[in-house]
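Encoded as structure tokens, the structure appears first; notes follow it.
In structure tokens:
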């Protein structure tokens with residue numbers, strides 16, 4: 008489901024990828040990949056309010072994976088001009 012969603016994203020079909028990632032989260036709520044992938048989809052279509060809690064959840068589940076959810080969260084803060092909320096990791 009994750010890889011298929013990535014393929015859809017690559018084709019520019021972000022909205023079509025959403026249900027696949029939602030199903031991944033339903034099946035594996037303990038896995039950061041679903042939250043981070045969905046955050047990235049929402050980030051790519053400028054749905055920052057939807058992306059932010061997902062990026063936070065991804066960071067919570069896998070704090071060692073700084074290149075993924077942390078990157079999305081940083082992009083959200085940057086794009087919403089909330090620079091003062093950022094901090095180095």
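Numbering (my numbering), first residue to last: 8 to 96. Where a beta carbon is used, it is the ideal one built from N, C-alpha and C, also for glycine.
Assuming residue 82 is part of the alpha helix (DSSP H), what are its boundary residues?
76-86
Looking at the structure shown, is residue 71 part of a helix, part of a strand, or coil, going by DSSP?
coil
Would you kindly report the start and end of the unbroken alpha helix (DSSP H) that includes residue 9?
9-17
8 angstroms contact criterion, which residue 45 and residue 32 should meet: CB distance rounded
7 angstroms
From the DSSP output, in three-state form, read off residue 33 for me.
helix
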